[in-house]
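Under my numbering, the first residue of the sequence shown is numbered 182, with each subsequent residue one higher. Even for Gly, the Cβ is constructed at its ideal location relative to N, Cα and C. What follows is a set of notes on a single structure, which appears directly below.
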Amino acid sequence: MALTTGFTELFGIRHPIALAPMGGSAGGALTAAVSNGGGLGLLGSGDGERQWLDRELAILTAGTRLPWGVGFLTWAVEPGAVEYVLERGARAVMFSFGDPSHLVKPVRRAGVSLILQVTDLDEARRAVALGADVIVAQGTEAGGHGARHGRSTLPFVPLVADLAAPAPVLAAGGIADGRGVAAALALGADGALLGSRFQATAESLADPAVTRAIVEGRGEQTERSRVLDVARGSHWPSRYTARTLAHPHLERWRGREGELAASAEARADYDADVARGVIPPLPVWAGEAIDLITDLPPAAGLVAVLAAQAEAALARAGRR
Numbered sequence: 182m183a184l185t186t187g188f189t190e191l192f193g194i195r196h197p198i199a200l201a202p203m204g205g206s207a208g209g210a211l212t213a214a215v216s217n218g219g220g221l222g223l224l225g226s227g228d229g230e231r232q233w234l235d236r237e238l239a240i241l242t243a244g245t246r247l248p249w250g251v252g253f254l255t256w257a258v259e260p261g262a263v264e265y266v267l268e269r270g271a272r273a274v275m276f277s278f279g280d281p282s283h284l285v286k287p288v289r290r291a292g293v294s295l296i297l298q299v300t301d302l303d304e305a306r307r308a309v310a311l312g313a314d315v316i317v318a319q320g321t322e323a324g325g326h327g328a329r330h331g332r333s334t335l336p337f338v339p340l341v342a343d344l345a346a347p348a349p350v351l352a353a354g355g356i357a358d359g360r361g362v363a364a365a366l367a368l369g370a371d372g373a374l375l376g377s378r379f380q381a382t383a384e385s386l387a388d389p390a391v392t393r394a395i396v397e398g399r400g401e402q403t404e405r406s407r408v409l410d411v412a413r414g415s416h417w418p419s420r421y422t423a424r425t426l427a428h429p430h431l432e433r434w435r436g437r438e439g440e441l442a443a444s445a446e447a448r449a450d451y452d453a454d455v456a457r458g459v460i461p462p463l464p465v466w467a468g469e470a471i472d473l474i475t476d477l478p479p480a481a482g483l484v485a486v487l488a489a490q491a492e493a494a495l496a497r498a499g500r501r
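Given below as C-alpha cells:
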C-alpha cells in the first residue's frame, strides 16, 4: 500500500518522511539524497550564514530536481537569508525555536510552503494563527534542542494534529525506524521528521566521531541540559535545552550553569579541549531512539526502507 497523506500530496513526494534540518549535519548532499529517495530534504542552514549556504546550495541544486526546503533557527536568522534561499528554488522554508512572525512574509510572497516546528501548545496555536502549511510537533525525546518544559511525542502529536487540522502535521522526537513513522501516522500525523537517524548516514556532514557515537550510543545515555550551550558560549535562548550524549563538561558542570556562565576559565578549558581533539567541535546531539541506529546507510535507500517498514507495521497492526 502507498502511504499517501496530506503532506505527501502537498509536495508531490512518495513517502511521508522529512529530513530534520540539522545544523552541522544536513548539508546539500544529505538533503538531495532524502529528496531523491522520495522524502522531503530540508537543508540545515541554522543562522543563514551566506558562505555555508552558497556551498551547500550548489551541491543540493546539482544533486536533485525534486522538491527540497531549508530550515532556519528563528531566533538567529535575518530575513535576507530567507529571501536568498527562496530565490534559489526552495519549495519549503521551515522555522524552529522562537516567534517567526517577522519572517513569514517573504515566504508567503513567494508562494512557498511554510513549515513551523512547535515544542509546546502555545507555539502550536501561534503556528496555526500564522497559517502554517505544515506544523512539526517535536516531542522531548528528540535529539538536539527543544523546549525545556515540552511534552513527550506520544501525547503531544495528537493534540497538535487536532489543533492544526486540516493542515498536515509531522511528528518529531524519538523516531528512528519505520515503526516510529507508522506510530506517527496512527497518532494522527501526516508523516514524520527524523533527525538522529539521518545524522548517521553516508551523506551526513557530521564528524565521523559523532556518527560513530550515535551508532554505538544508547538512549539512556542521552540527557537534556543547557550546560553545553553555556560552556561553548552559544546564544541559544534559555527556554530551549539540548538532548546530547554524555560529555565530560556536562559531567563537570551539571546543575552549576550559573557558575559555569560566570567562569571565563571554564569556557577557555572547553575551547582548549576542542582544539586538542579531546572533545568534538560540537556536542553529539542524539535522541532517545538511537538504540535503533546501527549502521551508516546511504540516505536515499534509507528513506525507502523506512517507508517499507512503516507500511509493514501498519499492515501488521491491521491484522491484529
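Q | Cβ distance (whole Å) where Ala-495 is taken to contact Ala-363 below 8 Å | A | Residue 495 is actually Leu in this sequence, not Ala. Contact holds; Cβ gap of about 5 Å.
Q) DSSP three-state call for Ile-471: helix, strand or coil? A) helix
Q) My guess is that Ala-467 and Thr-425 are in contact by the Cβ rule of under 8 Å, so how many angstroms apart are they, rounded? A) 6 Å
Q.
So if DSSP puts Leu-156 in a beta bridge, which residue, or which two residues, is it bridged to?
A. No answer is possible for residue 156: it lies beyond the span of the chain, which begins at 182 and ends at 501.
Q) Val-274 lies in the alpha helix (DSSP H); which residues open and close that run? A) Run containing Val-274: none in the alpha helix (DSSP H); it sits in the beta strand (DSSP E), 273-277.
Q. Is it true that the region 308-316 meets the region 325-339, where meeting means three or more beta-carbon pairs spaced less than 8 Å apart?
A. no
Q | beta strand (DSSP E) segment containing Ile-316, residue limits | A | 315-319
Q.
So the candidates are Gln-402, Gly-229, Val-391 and Leu-284; which of them puts its Cα closest to the Cα of Gly-458?
A. Val-391
Q. At which residue ranges does the region 356-398 contain complete alpha helix (DSSP H) runs of 4 or more residues, listed in the order of the chain?
A. 359-367, 377-380 and 389-397
(Q) Check for me: the alpha helix (DSSP H) holding Ile-296 runs from which residue to which? (A) It is not in any alpha helix (DSSP H) - Ile-296 instead sits in the beta strand (DSSP E) that spans 294-299.
Q) For Ser-226, which of helix, strand or coil comes out of DSSP? A) strand
**Q.** Stretch pair the region 391-410 + the region 244-258: three plus CB contacts closer than 8 Å
**A.** no
Q | Contiguous alpha helix (DSSP H) assignments of at least 4 residues, all confined to the region 196-269 | A | 209-217, 231-244 and 260-268
Q. Is Gly-458 helix, strand or coil by DSSP?
A. coil
Q) Gly-209 and Ala-239 look like a contact to me (Cβ under 8 Å); what is the Cβ gap, rounded to whole Å? A) 7 Å
Q) Thinking C-alpha only, which one of Ala-305, Leu-302 and Phe-276 is nearest Asp-295? A) Per the sequence presented here, residue 295 reads as Leu, with Asp not at that position. Of the candidates Ala-305, Leu-302 and Phe-276, the one whose C-alpha sits nearest the C-alpha of Leu-295 is Phe-276.
Q | Extent of the continuous beta strand (DSSP E) to which Val-350 belongs | A | 350-353
Q: Would you tell me roughly how many angstroms separate the C-alpha atoms of Asn-217 and Gly-205, rounded to the nearest one?
A: 21 Å
Q. For His-326, which of helix, strand or coil comes out of DSSP?
A. strand
**Q.** DSSP-derived helix/strand/coil call for Trp-417
**A.** coil
Q: Starting from Trp-466, follow its DSSP beta bridges and name the residues at the other end.
A: Thr-425
Q: Please work out which residues of its chain come closer than 6 Å, Cβ to Cβ, to Ala-427, disregarding the five sequence neighbours upstream and downstream, and give them in chain order.
A: Gln-402
Q: Indicate whether the contact test is met: 3 or more Cβ pairs, each with one atom in the region 339-359 and one in the region 184-198, closer than 8 Å.
A: yes
Q) Can the beta-carbon of Ile-474 be found less than 8 Å from the beta-carbon of Arg-399? A) no
Q: Taking Ala-305 as the reference, give the member of Asp-343, Val-411 and Arg-272 with the closest Cα.
A: Asp-343
Q.
In the DSSP assignment, the alpha helix (DSSP H) including Thr-334 goes from what residue to what residue?
A. 334-345
Q: Identify, in the order they occur along the chain, each residue of the same chain with its Cβ nearer than 7 Å to the Cβ of Ser-282, setting aside the five sequence neighbours on each side.
A: Leu-311
**Q.** Residue environment, Gly-229, which counts as buried when at least 16 other CB atoms sit within 10 Å
**A.** buried
Q. Excluding the five sequence neighbours on either side, which residues of its own chain have a C-beta within less than 8 Å of the C-beta of Phe-192, listed in chain order?
A. Leu-221, Pro-248, Arg-272, Ala-273 and Ser-294
Q: Please look up how many angstroms separate the CB atoms of Ala-423 and Pro-464, rounded, as I've assumed it's under 8 Å.
A: 7 Å
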